[in-house]
Structures are given as structure tokens and as C-alpha cells.
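Residue numbers (full-length UniProt numbering): 1 to 354.
Here a beta-carbon is modelled for each residue, glycine too, at the ideal position from N, C-alpha and C.
Worksheet: the structure to be examined is printed underneath.
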Amino acid sequence: MKISVCMIVKNEAEQIARALASVPPSYELIVVDTGSTDETVKIASEYKAKVYYFEWNDSFSDARNWAIEKASGDYILFIDADEKLSPNVVRQIDDFVSNFPSEAGAVKISNVINDEVNMSRMIRFFPNRPEFRFYGEVHEHLRKNNQEIQMIKCDIEIEHFGYNPETYLKMGKFNRYIKMYKRIIEKDPNNGYMLYQLGKLYYSNKQFENAYEAFEECLCLEQFDRLYFAPMLVQLGYTLKELGKSQQAIELLELFVPMYPKFPDLPFVLGILAIECGKFQLIEKYFKFALEIGETDHYSTLIGSGSYRAAHNLGVYYEVTGNLVVAKKYYQLAAGHGFGPSNNRLTELINNTK
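Pasting the structure below:
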């Protein structure tokens, strides 16, 4: 079984070596360059990648499909230059192929942002067959015979590092993506997923008013059953918090809690908003609910929302309200997950009671 790892790149000299180094030596490396002016191509060649040039036409799908045409493997795995594969990728791929030899797999993508890890799934692994091709200009998605693919979860893990906002601006990616998103939305005003992505991009650049407008427009589409919708609500909650409208966010998001009973991020953000508003009963209620739900791998999620982060915040709540016995219990729970802040608080509480 031959695996082809494919990448679409442009001016990624600062990041690409880490991605290339994570690819097993037995795998074929296909790098499609769309116009780099830095050392990207040189670095890719040093890692024995097969480099091809693609004239950029504002379509990521076309670039990905071009890469597929160049790949000779039985299966294809796409990664970005600011990502790396798990050291266990060979076993992870073998396990998936043994169970689903003719299907595409939704890999786990961990987005590392400061001390937070957001986990999402995307279909990145699939058989190298003509019926599998990408569609869409940006945030392209794989289809089989131009039909939606049922998401089959697999254990293939990719770690995504991304760029800080300053570097993102410097590289021109922010403005480029904003223009692409707006162009697509203009063509398809009911594209809620693209409105969600537009809002997230504005939020990451601290343009909260613009983010709110995009999320509000997305909300009005009422695409409740789409996989992006619940995470969009959470992002809307954080946006309203940044705009000083936490009470408005609580009133809105509480309406959706019954709709997404297995999504811990929704009660978790409600707990954060309750802290902002000083609503003590809601703080306890929603962090406990998040903990009760537990972690999820169905939605895009902040790791810890259904475990150690919710437990830590409950520890803080009980410590502030004077219930130190219960506070220690929740700090211990969070510290058991290796969460440093909880371990620090627990140590301090123990020392203070000696």
C-alpha cells in the first residue's frame, strides 16, 4: 500500500520543514507550489518531495485536484505547511484502511493556540480514485462522484500550529482570505459555513464588530442541523463578550442549549459569560453541565470544555464562595488531566490549610 502526502504551498519557508519532517520516509511527498518567492521550494526539494508548479486561479480545489493528478499512491493524505503528522501516523492509516478500504476518513486536527487546543475533524484521507475530488474555491470539501461524503471518523492525527495575527497580516493572508470569503458569500448569500469562517477570521484579528455582523447574518440563516452551527454559536458568545454584551449573549445562547445536548462548549461559554455578568448560580450550573456532558469529537471543540477547564472553573467558583473542600475536589479533577493552573491552586490551598 502506497501513501501520497500532498501539500499546497506558497511562501511557507518558515513552517514547511516541520511538516515535511513529520512524513514517514516510505510515503510519497507531493508539493504543489502556487508562486513562492522564498525558500519554500528549495526546502521541499531537500526533503525529496516531488515539486510541481500551479498557476494560482483563486481556487484551492483546483490546486488540490492538480496535486491528486500528480500523486501515484493508493491513498492520499492532505496536510498544510503549518501542520505536522502524528508519530503514529503509519499505524493510524493502516488501522483505518483495514476497516474502511474504500472510504474517506475524517482526521483529527488539533489547533494549538497559546495554551489552548481546539479539536476539529476534516476529511483529509481518501483512496486515490477519480470519483474523489475537491469542490469549492476556499475551505474546499471532498466529494465522491460530486456527492456529499458521510463523515467516517479515523484516528489519524494532525497538529496545526497556524500563525499569530501579526504574521498572518504580514503575509497578506488575512486580506486575501477576507476577499475570497466575501466573494463567495456574494455569489451564495446562504452559505452559512462561509459566514462562520468570515466571522472567525475577523475575531482572530480582534475586529469584533465585523465578526459579530458575520455571525449574526449566519445565525439568521437558521441552519441548525449543519455541523458548523453549534461552534458558530459559541464563537458568537465570545464575540458578544468582547463587545461588552455578555448578558445579551446569555439570553441568546440559553435558547440553544436543549438543541445541542452533547456539545460541552455551549454550556462552557455560558459559564464564562455568567462570570462576566456576576451570575453566580449560572456559573455553577453551566460548568457542571459541561462537565456532565464530557468531551466531544463530533463538533469543533476547545479541548477541556467538558473536562479539566470546566472542573478548574468550578474549583475557582467554590474557592471564591468559601467552599474550599469542594474547590479542592474540582482542582484535583482538573490537575489529574495535567492542567497546571489547577495544580498550582491546589498546592496553594493545601499549603494555606497546614
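| From the DSSP output, which residues share a beta bridge with residue 155? | For the purposes of this step, residue 155 is taken as the residue at position 155 of the sequence shown. Secondary-structure assignment with DSSP links residue 155 through no beta bridge to anything.
| Whose CA, out of 269, 78, 317 and 57, lies closest to the CA of residue 8? | Working through the sequence shown from its first residue, we reach residue 8 at position 8. The option with the nearest alpha carbon to residue 8 is 78.
| Closest by CA to residue 131, which one among 122, 251 and 143? | As a position in the sequence shown, residue 131 is number 131, starting the count at 1. It is 143 whose Cα lies nearest to the Cα of residue 131.
| Cβ separation of residue 16 and residue 37, assumed to be a contact under 8 Å, to the nearest whole Å | Taking the first residue of the sequence shown as position 1, residue 16 is located at position 16. Taking the first residue of the sequence shown as position 1, residue 37 is located at position 37. Between residue 16 and residue 37 the beta-carbon gap is near 14 Å, outside 8 Å, which marks them as no contact.
| query | On the premise that residue 154 lies in contact with residue 96, defined as a C-beta separation below 8 Å, what is that separation, rounded to the nearest angstrom? | reply | In the sequence shown, counting from the first residue as 1, residue 96 sits at position 96. In the sequence shown, counting from the first residue as 1, residue 154 sits at position 154. Correct: roughly 4 Å between the Cβ atoms.
| For the candidate residues 92, 45 and 46, whose alpha-carbon lies nearest to that of residue 3? | Working through the sequence shown from its first residue, we reach residue 3 at position 3. Answer by Cα proximity: 92.
| Going by other Cβ atoms of all chains shown within 10 Å of its Cβ, with 16 needed for buried, is residue 278 buried or exposed? | Against the sequence shown, residue 278 aligns to sequence position 278. Residue 278 comes out exposed.
| query | Of all the options 134, 158 and 157, which has the alpha carbon lying nearest to the alpha carbon of residue 147? | reply | Walking along the sequence shown from the start, residue 147 turns up at place 147. Per the Cα distances, 134.
| query | What first and last residue would you give for the alpha helix (DSSP H) that runs through residue 232? | reply | Taking the first residue of the sequence shown as position 1, residue 232 is located at position 232. Following the DSSP letters along the chain, one finds residue 232 inside the alpha helix (DSSP H) bounded by residues 229 to 242.
| task | Between the Cα of residue 280 and those of 319, 256, 248 and 35, spot the shortest distance and give me the residue it belongs to. | result | Position 280 of the sequence shown, counting from 1, holds the residue named residue 280. If we check each option's Cα against that of residue 280, 319 comes out closest.
| said: Within the continuous beta strand (DSSP E) that includes residue 119, where are the two ends? | reply: On the sequence shown, residue 119 is found 119 positions in, with the first residue counted as 1. Looking at the DSSP string, the run of the beta strand (DSSP E) that includes residue 119 is 116 to 127.
| said: Please report the distance separating the alpha-carbon of residue 109 from that of residue 282. | reply: The count along the sequence shown starts at 1 and reaches residue 109 at position 109. The count along the sequence shown starts at 1 and reaches residue 282 at position 282. One C-alpha to the other measures close to 32 Å.
| request: Report the option in 119, 126, 85 and 250 whose CA atom is closest to the CA atom of residue 99. | output: The residue you call residue 99 lines up with position 99 of the sequence shown. Distances from the alpha-carbon of residue 99 to those of 119, 126, 85 and 250 put 126 closest.
| message | Could you tell me which whole alpha helix (DSSP H) segments of length 4 or greater appear in the stretch 237 to 316? | response | Qualifying alpha helix (DSSP H) stretches, in chain order: 246 to 253, 265 to 277 and 280 to 293.
| message | Less than 7 Å between C-beta atoms, sequence neighbours within five positions excluded: which residues of the same chain meet that for residue 159? | response | Position 159 of the sequence shown, counted from the first residue, corresponds to residue 159. 83, 84, 110 and 112.
| query | If you check the beta carbons only, do residue 218 and residue 199 fall under 8 Å apart? | reply | The residue you call residue 218 lines up with position 218 of the sequence shown. The residue you call residue 199 lines up with position 199 of the sequence shown. With respect to residue 199, residue 218 sits close: the two C-beta atoms are nearer than 8 Å.
| query | For residue 11, which of 25, 31, 21 and 22 has the nearest alpha-carbon? | reply | On the sequence shown, residue 11 is found 11 positions in, with the first residue counted as 1. Nearest option by C-alpha distance: 31.
| What are the boundary residues of the alpha helix (DSSP H) that includes residue 45? | Position 45 of the sequence shown holds residue 45. Taken as a continuous stretch (DSSP letters only), the alpha helix (DSSP H) holding residue 45 covers 40 to 46.
| request: Please report the Cβ distance between residue 174 and residue 205, rounded to the nearest whole angstrom; I am assuming they are in contact, meaning their Cβ atoms lie under 8 Å. | output: Position 174 of the sequence shown, counting from 1, holds the residue named residue 174. Position 205 of the sequence shown, counting from 1, holds the residue named residue 205. Distance from residue 174 to residue 205 at the Cβ level is roughly 6 Å; contact confirmed, criterion being Cβ atoms closer than 8 Å.
| message | Strictly under 8 Å for the Cβ-Cβ distance: is residue 67 near chain D by that measure? | response | Among the protein chains of the structure shown there is no chain D, as only one such chain exists.
| request: Alpha carbon to alpha carbon, how far is residue 207 from residue 186? Give it in angstroms, no decimals. | output: In the sequence shown, counting from the first residue as 1, residue 186 sits at position 186. In the sequence shown, counting from the first residue as 1, residue 207 sits at position 207. Here the alpha carbons of residue 207 and residue 186 stand approximately 20 Å from one another.
| said: Considering only their Cβ atoms, is the gap separating residue 157 from residue 61 smaller than 8 Å? | reply: The residue given as residue 61 occupies position 61 in the sequence shown. The residue given as residue 157 occupies position 157 in the sequence shown. No.
| message | Relative to the C-alpha of residue 275, which candidate in 317, 215, 33 and 297 has its C-alpha closest? | response | The residue labelled residue 275 in the question sits at position 275 within the sequence shown. The residue from 317, 215, 33 and 297 with its alpha-carbon nearest to that of residue 275 is 317.
| query | Residues bridged to residue 147 by DSSP? | reply | Taking the sequence shown and counting its residues from 1, one reaches residue 147 at position 147. Bridge partners of residue 147 according to DSSP: 144.
| Which one of 195, 72, 228 and 342 has the shortest CA to CA distance from residue 263? | Counting from one through the sequence shown, the residue named residue 263 turns up at place 263. Check the Cα spacing between residue 263 and each of 195, 72, 228 and 342: the tightest is with 228.
| 8 Å contact criterion, which residue 128 and residue 80 should meet: CB distance rounded | The residue labelled residue 128 in the question sits at position 128 within the sequence shown. The residue labelled residue 80 in the question sits at position 80 within the sequence shown. Not a contact, Cβ separation roughly 19 Å.
| field | residue 51: CB within 7 Å of a non-hydrogen atom of the ligand FMN | value | The model depicted lacks the ligand FMN and carries no ligand whatsoever.
| Quick one: is residue 231 buried, meaning 16 or more other Cβ sit within 10 Å of its Cβ, or exposed? | Here residue 231 refers to the residue found at position 231 when the sequence shown is read from its first residue. Burial of residue 231 is indicated by the presence of at least 16 other C-beta atoms within 10 angstroms of its C-beta.
| field | Pick from 238, 106 and 26 that is closest to residue 1, judged by C-alpha positions | value | Taking the sequence shown and counting its residues from 1, the one referred to as residue 1 is at position 1. The alpha carbon of residue 1 has as its nearest neighbour, out of 238, 106 and 26, the alpha carbon of 26.
| How would you write the range of the beta strand (DSSP E) that residue 106 sits in, first residue to last? | The sequence position of residue 106 within the sequence shown is 106, counting from 1. Counting along the chain, the unbroken beta strand (DSSP E) around residue 106 starts and ends at 105 to 113.
| message | Excluding the 5 residues flanking residue 331 on each side, which residues of the same chain have their C-beta closer than 6 Å to its C-beta? | response | Counting from one through the sequence shown, the residue named residue 331 turns up at place 331. 315, 342, 345 and 346.
| message | Here's the rule I'm using: 16 or more other beta-carbon atoms within 10 Å means buried, otherwise exposed. How should residue 267 be labelled? | response | Counted from its first residue, the sequence shown places residue 267 at position 267. Under a 10 Å Cβ-count criterion, residue 267 is classified as buried, with 16 or more other Cβ atoms of the shown protein chains found around its own Cβ.
| said: For residue 4, report the span of its alpha helix (DSSP H) as first-last. | reply: Taking the sequence shown and counting its residues from 1, the one referred to as residue 4 is at position 4. Annotation: residue 4 is outside any alpha helix (DSSP H); the continuous beta strand (DSSP E) that includes it extends over 3 to 9.
| Who pairs with residue 29 in a beta bridge, going by DSSP? | As a working note, residue 29 is residue 29 in the sequence shown. Note: residue 29 sits in a beta bridge opposite 5.
| task | Would you kindly report the start and end of the unbroken alpha helix (DSSP H) that includes residue 89? | result | By 1-based counting over the sequence shown, the position of residue 89 is 89. Counting along the chain, residue 89 sits inside the alpha helix (DSSP H) bounded by residues 89 to 99.
| query | Among 124, 349, 306 and 327, which one has its Cα closest to the Cα of residue 117? | reply | Residue 117 sits at position 117 when you count from the first residue of the sequence shown. Of the listed residues, the one whose Cα sits closest to residue 117 is 306.
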